[in-house]
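Everything in the sequence shown is counted per the numbering used here, starting at 5 for the first residue and increasing by one.
Report on one structure; see the data block that follows.
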Amino acid sequence: MNTTQDRISANISGTINGTVAIGKGITQVHYEQVVTVPGEEERASLNQALAALRQRVAQDAPAEEQAPALERVGELEEALSASEPDLSTMEYVKKWFEQHLPDLAGAVTGIIMNPIVGKLVGAAGDILAMEFRRRFGT
Numbered sequence: 005m006n007t008t009q010d011r012i013s014a015n016i017s018g019t020i021n022g023t024v025a026i027g028k029g030i031t032q033v034h035y036e037q038v039v040t041v042p043g044e045e046e047r048a049s050l051n052q053a054l055a056a057l058r059q060r061v062a063q064d065a066p067a068e069e070q071a072p073a074l075e076r077v078g079e080l081e082e083a084l085s086a087s088e089p090d091l092s093t094m095e096y097v098k099k100w101f102e103q104h105l106p107d108l109a110g111a112v113t114g115i116i117m118n119p120i121v122g123k124l125v126g127a128a129g130d131i132l133a134m135e136f137r138r139r140f141g142t
């Protein structure tokens, strides 16, 4: 580190794991993330959204697509029920509906983007939450 009167400069290279602070009068701030885990009412609300999706499939999907669509809804439910939500399955189900039943794809996306799902993903950890944002854009 070189200092010349009020000017401070530093060159840092390589991988940094941890905190780097360069300057005068630096104050450290500790950030702690509070994770909210969905309660029973929120989980019930998510289950109601899945039931509503099943009902829409039964009403709106062509007969030949109903069984595979209901199977995908079951896979989505399992992905959301896991202790660590399965993002790959969520992404697969969303794409399946976009390709096979585009009129219902919005309902699937609505479930995936539900704030309760955000809480489930957030409770599983920062890395999963970052991957969720990368895959689903929020």
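Backbone N, C-alpha and C define an ideal beta-carbon position, used for all residues, glycine too.
Q) Going along the chain, which residues of its own chain have a beta-carbon closer than 6 angstroms to the beta-carbon of I115, five neighbours each way excluded? A) As a first step, residue 115 is located in the sequence shown; it is residue number 111 there, counting from the start. These residues qualify, in order along the chain: A53.
Q: State buried or exposed for V41, treating a residue as buried only when at least 16 other CB atoms are found within 10 Å of its CB.
A: Against the sequence shown, residue 41 aligns to sequence position 37. Counting Cβ neighbours within 10 Å, V41 comes out exposed, since fewer than 16 surround it.
**Q.** Helix, strand or coil at N118 [DSSP, three-state]
**A.** For the purposes of this step, residue 118 is taken as the residue at position 114 of the sequence shown. Residue state, collapsed to three classes: coil.
Q. Looking at C-alpha atoms only, which residue of F101, V61, H104, I120 is the closest neighbour of E45?
A. One-based indexing of the sequence shown puts residue 45 at position 41. The shortest Cα separation from E45 among F101, V61, H104, I120 belongs to I120.
Q. Are the region 126-139 and the region 64-77 touching, with three or more C-beta to C-beta distances below 8 angstroms?
A. no
**Q.** Beta-carbon spacing of A111, R76 below 9 angstroms
**A.** Looking up residue 111 in the sequence shown gives position 107. Looking up residue 76 in the sequence shown gives position 72. Result no, Cβ atoms of A111 and R76 do not sit closer than 9 angstroms.
Q: Let me know if K98 comes out buried or exposed under the rule of 16 or more other beta-carbons within 10 Å of its beta-carbon.
A: Within the sequence shown, numbered from 1, the residue matching residue 98 stands at position 94. When all chains shown are included, K98 counts as buried.
Q: Return the CA-CA distance between M94 and A56, expressed in angstroms with no decimal places.
A: For this step, residue 94 is matched to residue 90 along the sequence shown. For this step, residue 56 is matched to residue 52 along the sequence shown. Their backbone Cα atoms lie some 17 angstroms apart in a straight line.
Q) Span of the alpha helix (DSSP H) holding A128? A) Start at 1 with the first residue of the sequence shown, and residue 128 comes out as number 124. Per DSSP, A128 belongs to no alpha helix (DSSP H) and is neither H nor E.
Q | Cutoff 8 angstroms; reference N15; Cβ partners in own chain excluding five residues on either side | A | Here residue 15 refers to the residue found at position 11 when the sequence shown is read from its first residue. Hits under 8 angstroms: none found.
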